[in-house]
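Below is one structure; the comments refer to it alone.
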Amino acid sequence: MKLENFNGLAAVISVRSSSSRLHNKCFRNLFKNISMLEIMIRRTKKIGCKVVVATSEHQNDDRIVKIAENENVGVFRGSLLNKINRWYRCFEEHKIDYAMLVDGDDPSFSFSLAKRALLQLKKTNSELIVGHNELMPGLITYGLSRSGINKLHTIVRNPQTNTDVIDTFVKQANLITTVIEPKIEEKLKPGIRLTVDYEEDVIFYKILFKEISYLSESTEQIKKVLSQKISDINWFRDSDFKTNQSNFNLQVHKANNRKKI
0 MKLENFNGLA AVISVRSSSS RLHNKCFRNL FKNISMLEIM IRRTKKIGCK
50 VVVATSEHQN DDRIVKIAEN ENVGVFRGSL LNKINRWYRC FEEHKIDYAM
100 LVDGDDPSFS FSLAKRALLQ LKKTNSELIV GHNELMPGLI TYGLSRSGIN
150 KLHTIVRNPQ TNTDVIDTFV KQANLITTVI EPKIEEKLKP GIRLTVDYEE
200 DVIFYKILFK EISYLSESTE QIKKVLSQKI SDINWFRDSD FKTNQSNFNL
250 QVHKANNRKK I
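Quick note: the sequence shown uses numbering that gives the first Met the number 0, first residue 0, plus one each step.
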């Protein structure tokens, strides 16, 4: 089923150049002279719906806009820190009813899974779609309806609020949620880290994309390559990543408690 036939469906790539752990990572080449952002855009196009790159208004992200324009996809510029506010305004400007949110640092996300999830989100009239807990990390982020983003935005309206780790805000919004079930080949396999936050992740993907196409959809192919032990390159970084998320969520929790006093 071609999603172009459905108005109001989109995929929104969230990306900025000012990552704290790996600065300018979206511009890093993961295959020959092709940047991670170009790979993300080309993979996202395969979902089959409108694609919008949502970045910040900061001048450092001008280069992101140029890349998006060269790839012939939509662009939205908004808050640097509050990506929920950025999504909210993006939904409004681009007249989006349902969207898959694609993290700009997940260069092997599954576009076929994203397509299934987008259709399920619309069919079930849900506000949020998430991956099943048995799904391999890095294959999907979230999907939101217009109602969902509206509710989420009421939790954190201030454009200056840092929403880099959004799980805690999603929980507060209490959205009507549906879960996308994984196919067998999409199920979790321990020891796999499919995202880019550290230098080791860049090295990992350069090796991976020498073995399989950066436009490959086959998670079976990915698992086969990973069986060659290249996962050892970056898996140890997973604990650092989870610690960072926990610290961020703790800061949000403390801030919320101060507001109640």
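Using N, Cα and C, we set each Cβ at its ideal position, and we do this for glycine too.
Rounded to a whole number of angstroms, what is the C-alpha to C-alpha distance between residue i and residue j?
i	j	result
ILE148	GLN171	13 Å
LYS94	GLY7	6 Å
TYR87	HIS152	7 Å
THR218	LYS44	18 Å
ILE260	ARG27	In this prediction, ILE260 has a pLDDT of 38, which is less than 50 and means its spatial position is unreliable; nothing more can be read from the coordinates.
PHE30	ILE38	9 Å
ALA116	GLU133	15 Å
LYS121	VAL195	30 Å
SER19	VAL164	13 Å
With distance defined between alpha-carbon atoms, name the residue in the options nearest to residue i.
i	options	result
VAL169	ASN28, SER19, VAL129 and LEU118	VAL129
CYS89	ARG62, GLU37, THR54 and TYR204	THR54
GLU184	ARG20, ILE46 and PRO136	PRO136
LEU193	THR160, ILE232, LEU118 and VAL155	ILE232
GLU210	PRO189, LEU187 and ILE221	ILE221
ASN81	GLN159, VAL72 and SER146	GLN159
THR162	VAL11, LYS205 and SER78	SER78
Where does residue i land, buried or exposed, given buried means 16+ other C-beta within 10 angstroms?
i	result
PRO106	buried
ASN157	exposed
GLY190	exposed
ASP61	exposed
PHE235	exposed
ALA10	buried
SER212	exposed
ASN84	buried
HIS252	Unreliable positioning characterises HIS252 in this predicted model, as indicated by a pLDDT of 47, which lies under 50. The coordinate reading is nonetheless provided below. It is exposed - the Cβ of HIS252 has fewer than 16 other Cβ atoms within 10 Å.
ILE46	buried
DSSP three-state call for residue i: helix, strand or coil?
i	result
VAL14	coil
TYR213	coil
ILE202	helix
MET142	Residue 142 is actually Gly in this sequence, not Met. Reduced to three states, the DSSP call for GLY142 is strand.
LEU8	strand
ASP166	helix
SER19	coil
ASN59	helix
MET135	coil
GLY147	helix
LEU79	coil
THR123	coil
TYR87	helix
GLY173	Correcting the residue type first, residue 173 is Asn in the shown sequence and not Gly. ASN173: coil per DSSP, three-state reduction.
THR264	The question about residue 264 has no answer here: the residues shown for the chain are numbered 0 through 260.
ASN256	Per-residue confidence for ASN256 stands at a pLDDT of 49, beneath the threshold of 50, marking its modelled position as unreliable; no derived number is given.
LEU187	coil
THR43	helix
Handout entry: Validate contact between the region 52-68 and the region 31-44 using beta carbons, cut 8 Å, 3 pairs
Key = yes
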